[in-house]
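In the numbering used here, each residue carries its 1-based index in the sequence shown increased by 194.
Ideal Cβ placement from N, Cα and C applies to all residues, glycine included.
Quantities reported herein were computed from a predicted structural model and do not represent experimental measurements.
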Amino acid sequence: MNEKIKYQPPSASAAPRFSGIKTFMRLPYVKTTEDIDFAVIGAPFDTGASYKSGARFGPTAIREASTLMRNYSMNLDVNIFDYLSGVDFGDVNVIPGYIHETYREIEAGLLPFLRAGVTPIVLGGDHSITLGELRAAAKAYGPVALVHFDSHLDTWDNYWGMKYTHGTPFRRACEEGLIDTAHSIQIGIRGSQYGPEDVQGSIDLGFEVLTANELHRIGVAEAVKRIQKRVGAAKVFLTFDIDFVDPSMAPGTGTIEVGGFSGYESMTLVQGLRDVNIIAMDLVEVLPAIDQSGKTAYMAANIIHEVISILALQKRDGKR
Ligand code: MN
Ligand code: MN
């Protein structure tokens with residue numbers, strides 16, 4: 195352990211990984227924005243779900259699964275806690291059934307971290323939560339670029355006449371001027387649609403859309419180049435809907451789509467983002483009630499681990 199790092203997990207050789215309270219990666223549970231580089235924050239809200247609900251238990255499941263993980267990323271060749279200090283901050287005060295009130299809590303909860311230059315890592319919750327996070331990000335930084343992994347566009351106008359759901363956050367975010375769409379990209383889009391206007395709707399908003407078909411065709415290495423080219427040096431909000439991963443490997447989510455990406459492909463894609471300026475991330479739509487083996491939650495934890503590892507690399511190299 196690096197003694198200069200204030201907040202880090204206890205050594206796994208001193209305390210078994212299955213012991214202790216289940217915080218993310220066994221990080222200390224501390225309510226602070228000081229002396230940290232990142233904070234893991236739960237947003238256990240699932241009122242925005244259009245199909246199966248239950249993602250309110252996502253943060254708990256991801257935290258529990260994450261305790262198996264070790265500090266060193268073999269793929270990125272970095273030990274996270276050689277360079278980063280991090281805490282599990284606990285959850286923001288969501289209000290089930292009340293999306294606007296919850297948005298206010300999420301925005302207010304994240305803003306102090308963003309203003310302090312700390313990277314929030316938010317555990318959802320359904321994808322509606324990202325609108326609240328983007329409001330905070332835009333307040334701190336102005337419009338941010340979105341790197342969006344998902345089988346769905348989430349730029350629909352409404353569900354049942356309702357404008358605030360997990361299928362609509364990115365259209366609302368565009369209308370509110372929170373996203374720099376010229377540097378934003380949606381990756382992994384697939385499944386049955388309502389019509390050709392769905393993808394066209396995202397393109398009309400200014401997004402680049404990399405469909406699953408195209409990603410399967412060009413491969414991960416080329417996709418990483420496309421993402422990097424699109425975002426350039428922009429400040430990036432990374433949002434990862436676990437249904438990007440194929441349901442064979444991530445069945446525990448409310449709106450599955452077949453023809454997705456393996457755990458390996460998903461991890462490799464994320465590892466490729468090492469030159470992307472990530473100012474915040476979330477991982478959404480883990481639904482533990484239909485994740486009997488826990489593999490969806492573990493997939494989610496590993497995706498987050500790779501993003502934190504990238505933050506560590508960038509810190510090591512003086513890039514953040
Ligand atoms: Mn989504
Ligand atoms: Mn989705």
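Can you tell which of the options has its C-alpha closest to the C-alpha of residue i?
i                 : options                           : result
methionine 475    : Lys216, Thr433, Leu328 and Pro445 : Thr433
serine 267        : Arg366, Thr217, Gly512 and Ser503 : Ser503
threonine 261     : Pro222, His346 and Tyr245         : Pro222
asparagine 196    : Arg257, Ala237, Ile274 and Val224 : Ile274
glycine 318       : Ala255, Ala334 and Gly280         : Ala255
aspartate 485     : Gly457, Pro445, His499 and Ile498 : Pro445
serine 378        : Ser460, Leu399, Met219 and Glu369 : Leu399
threonine 296     : Arg365, Arg257 and Ala237         : Ala237
isoleucine 293    : Gly395, Val341, Tyr358 and Ala249 : Tyr358
histidine 321     : Lys225, Ile373 and Thr241         : Thr241
threonine 447     : Lys419, Leu481, Gln465 and Gly457 : Leu481
isoleucine 300    : Ala310, Asp285, Gly311 and Pro203 : Asp285
arginine 309      : Gln202, Ala334, Ile323 and Thr324 : Ala334
proline 204       : Asn265, Arg424, Arg257 and Lys225 : Asn265
threonine 217     : Arg257, Ile473 and Phe239         : Arg257
lysine 200        : Ile215, Gly214 and Val224         : Val224
phenylalanine 239 : His360, Gly355, Gly457 and Val393 : His360
lysine 419        : Val464, Gly457, Lys513 and Ser442 : Val464
leucine 472       : Pro441, Met443, Arg514 and Ser442 : As written in the sequence, residue 472 is isoleucine, which differs from the leucine given in the question. Of Pro441, Met443, Arg514 and Ser442, the residue nearest in Cα terms is Arg514.
leucine 477       : Val341, Val312, Gln508 and Glu408 : Val341
Is it the case that the Cβ atoms of residue i and residue j are separated by a distance below 7 Å?
i                 : j              : result
isoleucine 421    : alanine 494    : no
valine 439        : glycine 454    : yes
serine 244        : tyrosine 353   : yes
phenylalanine 232 : isoleucine 315 : yes
isoleucine 230    : glycine 291    : no
leucine 328       : alanine 367    : yes
threonine 375     : arginine 365   : no
isoleucine 383    : leucine 347    : yes
valine 501        : glutamate 459  : no
glycine 488       : alanine 259    : yes
tyrosine 277      : alanine 506    : yes
alanine 249       : glutamate 479  : yes
Who does residue i pair with in a DSSP beta bridge?
i                 : result
asparagine 273    : Tyr266
tyrosine 297      : Tyrosine 297 is not bridged to any residue.
threonine 405     : Ile383
aspartate 282     : Tyr223 and Val234
lysine 429        : Asn471
isoleucine 315    : Val234 and Met475
isoleucine 498    : Partner(s): none; isoleucine 498 has no beta bridge.
leucine 340       : Phe431
isoleucine 373    : Val338
valine 393        : Paired residue(s): none; valine 393 is not in a bridge.
aspartate 356     : A small correction: the amino acid at residue 356 is methionine; aspartate does not occupy that position in the sequence shown. Bridge partners of methionine 356: Tyr353.
valine 414        : Valine 414 pairs with nothing; no bridge assigned.
phenylalanine 455 : Val439
Give me the Cα-Cα distance between residue i and residue j, rounded to the nearest whole angstrom.
i                 : j                 : result
phenylalanine 283 : phenylalanine 343 : 25 Å
glycine 426       : leucine 467       : 11 Å
arginine 211      : isoleucine 450    : 31 Å
phenylalanine 401 : glutamate 391     : 14 Å
aspartate 469     : valine 430        : 11 Å
alanine 302       : isoleucine 235    : 13 Å
serine 345        : aspartate 351     : 17 Å
threonine 389     : asparagine 269    : One point to set straight first is that residue 389 is glycine, not threonine, in the sequence displayed. Computed Cα separation, rounded: 40 Å.
arginine 510      : alanine 417       : 26 Å
isoleucine 406    : alanine 491       : Isoleucine is not the amino acid found at residue 406; the sequence shown has alanine there. One C-alpha to the other measures close to 22 Å.
proline 306       : threonine 227     : 7 Å
isoleucine 497    : aspartate 271     : 16 Å
phenylalanine 499 : glycine 385       : Checking the displayed sequence, the identity of residue 499 turns out to be histidine instead of phenylalanine. Cα-Cα distance, rounded: 28 Å.
methionine 461    : alanine 339       : 21 Å
glycine 336       : histidine 410     : 34 Å
proline 253       : glycine 371       : 28 Å
glutamine 202     : leucine 325       : 30 Å
isoleucine 289    : leucine 304       : 16 Å
alanine 483       : serine 213        : 23 Å
glycine 395       : isoleucine 323    : 21 Å
isoleucine 381    : arginine 424      : 12 Å
glutamine 387     : serine 442        : 21 Å
isoleucine 412    : glycine 457       : 18 Å
Kindly say whether residue i, judged by its beta-carbon, lies nearer than 7 Å to any beta-carbon of chain D.
i             : result
threonine 449 : Here there is only one protein chain, and chain D is not present.
Taking 7 Å as the limit, tell me which residues put their C-beta closer than that to any heavy atom of ligand 1, in chain order.
Near ligand 1, meaning a beta-carbon closer than 7 Å to one of its heavy atoms, we find His321, Asp344, His346, Asp348, His360, Asp435, Asp437, Val478 and Glu479.
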